[in-house]
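Chains as they are written, first to last, in the UniProt record's numbering: chain D, 1 to 277; chain U, 1 to 90.
Below: one structure, written as structure tokens.
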């Protein structure tokens, strides 16, 4: 997946997110929808106490789309971003949260224990790049995670949605987070789909709790699926005949695993038309 | 920047700064603050309303935050404090 289209390869974040790029985040409805969806999932993974307003930190808040999701759920938030153009868009949108211009690789500038949680949408992968000669990704990640650990309360969680370029980046990020004292790990939603697949790093400060379940992984339980010998024989003969009921059911199952919206199977699925049409 | 946020901010990220709190606010005029903590501060609704107004409704638009230890200044422009550090300060 070495594509040159990754924004991290084009320019440092404070330059990449200029006025034109920032405008997209307040005008392009598709981009906004994706951001809002990911933020909603991130808040779900935060597992905050119900009906209790919390103080949350939004790292890489950008135009405040994720912040708006937090507002809707009744939380107060503070956002940090490195791009002043994006922060200006956030101010134009009149978000309720407070905004700060800051580089997360230099540490988050907050007092110990003041936040009930932190979220970050599509920002963490930027830390894996060295944009200047003095930048050392491992050191910057460590500085970020250790200062974040300090500024969170002891029952807090931090959820990061990010786009890792390869498995080395995932390892670098998780190992630095563990070194800073966090517990937790990676939750991958819809692992069977290329487009819907989303990586969430769920970090906890107060001891190890079971990680939340990822979406779109119902089929891959710990139990082994039972298949009769006859079924196995059928499988070994290759793909089912195209347009047959088996072929359609298989295709629907595959698309279900990819997290797509698929109708339920019933007795009418792949039924033959009478021919009177 | 709201004063609630100022209450959480430090300049600890600077090299050689241990606490970095409280950051001094320069220029911003912040309205009438009660000078001392009154006794029935938990039940006095008038006082609590004042505190809420000061913490969540007063915005610092332009000014500076000054680190109490190193004297480093962080400018606030149009309500957004600039906490970016230079390479040699990290």
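From the three backbone atoms N, C-alpha and C, an ideal C-beta is built for every residue, glycine too.
Remember, it's a predicted structure, so these values are computed and weren't measured experimentally.
Candidates the options: which alpha carbon is nearest residue i's?
i, options, result
"residue 87 of chain U", "D:55, D:273 and D:130", "D:130"
"residue 71 of chain U", "U:20, U:5 and U:3", "U:20"
"residue 271 of chain D", "D:249, D:153 and D:261", "D:249"
"residue 84 of chain U", "D:74, D:92, D:104 and D:67", "D:104"
"residue 140 of chain D", "D:261, D:119, D:108 and D:157", "D:108"
"residue 74 of chain U", "U:64, U:2 and U:80", "U:64"
"residue 245 of chain D", "D:266, D:127, D:258 and D:40", "D:266"
"residue 66 of chain D", "D:85, D:52 and D:93", "D:93"
"residue 179 of chain D", "D:164, D:149, D:47 and D:167", "D:149"
"residue 3 of chain U", "D:97, D:10 and D:59", "D:97"
"residue 62 of chain D", "D:275, D:195, D:181 and D:124", "D:124"
"residue 158 of chain D", "D:59, D:164, D:210 and D:33", "D:59"
"residue 207 of chain D", "D:143, D:155 and D:8", "D:155"
From the DSSP output, in three-state form, read off residue i for me.
i, result
"residue 69 of chain U", "coil"
"residue 78 of chain U", "coil"
"residue 26 of chain D", "helix"
"residue 74 of chain D", "coil"
"residue 107 of chain U", "Summary: the structure shown does not reach residue 107 of chain U, with chain U confined to residues 1 through 90, and so no result is reported for it."
"residue 1 of chain D", "Caution applies to residue 1 of chain D, whose pLDDT of 48 falls short of 50 and renders its modelled position unreliable; the value that the coordinates give is listed next. Coil."
"residue 2 of chain U", "strand"
"residue 202 of chain D", "strand"
"residue 15 of chain D", "helix"
"residue 64 of chain U", "strand"
"residue 26 of chain U", "strand"
"residue 265 of chain D", "coil"
"residue 249 of chain D", "helix"
"residue 56 of chain U", "helix"
"residue 84 of chain U", "coil"
Can you give me the Cβ contacts of residue i inside the same chain, cut-off strictly under 6 angstroms, excluding the 5 residues immediately before and after it?
i, result
"residue 1 of chain D", "Unreliable placement is indicated for residue 1 of chain D, whose pLDDT of 48 sits below 50; the coordinate value is still reported in the next sentence. For residue 1 of chain D, where only same-chain residues beyond five positions count, there are no Cβ hits under 6 angstroms."
"residue 177 of chain D", "145 and 203"
"residue 70 of chain D", "56 and 77"
"residue 61 of chain U", "79"
If you drop the 5 nearest sequence neighbours on each side, which residues of the same chain put their C-beta closer than 7 angstroms to that of residue i?
i, result
"residue 41 of chain U", "47"
"residue 241 of chain D", "247"
"residue 44 of chain U", "38"
"residue 261 of chain D", "none"
"residue 26 of chain U", "63, 64 and 66"
"residue 15 of chain U", "89 and 90"
For residue i, I'd like the list of residues in its chain whose CB is within less than 8 angstroms of its CB, leaving aside the five on either flank, ordered along the chain.
i, result
"residue 132 of chain D", "12"
"residue 153 of chain D", "113, 114, 115, 116 and 205"
"residue 9 of chain U", "21, 23, 65, 81 and 83"
"residue 198 of chain D", "38, 41, 161, 188, 189 and 190"
"residue 85 of chain D", "17, 18, 19, 21 and 22"
"residue 309 of chain D", "No information on residue 309 of chain D is available, as it lies outside the stretch 1 to 277 that chain D covers here."
"residue 278 of chain D", "This structure does not reach residue 278 of chain D, given that chain D is present from 1 up to 277, and the question cannot be answered."
Item to complete: Note down, in chain order, all residues in the stretch 169-203 of chain D with a beta-carbon under 7 angstroms from any beta-carbon belonging to chain U.
Response: none
Fill in: Interface positions of the stretch 75-89 of chain U facing chain D (Cβ-Cβ less than 8 angstroms), listed along the chain
78, 79, 80, 81, 82, 83, 84, 85 and 87
Fill in: Residue ranges of each beta strand (DSSP E) within the stretch 131-199 of chain D, 3 or longer
152-162 and 183-189
Worksheet item: Using a Cβ cut-off of 8 angstroms, which residues of the stretch 47-65 of chain D contact any Cβ in chain U, in chain order?
Response: none
Practice prompt. Any chance you could list the alpha helix (DSSP H) runs of at least 4 consecutive residues sitting entirely within the UniProt domain "Methyltransferase type 11" (57-133) of chain D, in chain order?
Written response: 65-72 and 84-92
Practice prompt. Select from the stretch 129-149 of chain D all residues with a C-beta closer than 8 angstroms to any C-beta belonging to chain U, and list them in chain order.
Written response: 132, 134, 143 and 147
Practice prompt. For the stretch 95-119 of chain D, enumerate the residues whose C-beta is nearer than 7 angstroms to any C-beta of chain U, in chain order.
Written response: 98, 99, 100, 101, 102, 103, 106, 107, 109, 110, 111 and 114
Practice prompt. Could you name the residues of the stretch 79-90 of chain D whose beta carbon sits closer than 7 angstroms to any beta carbon of chain U, in the order they occur along the chain?
Written response: 87
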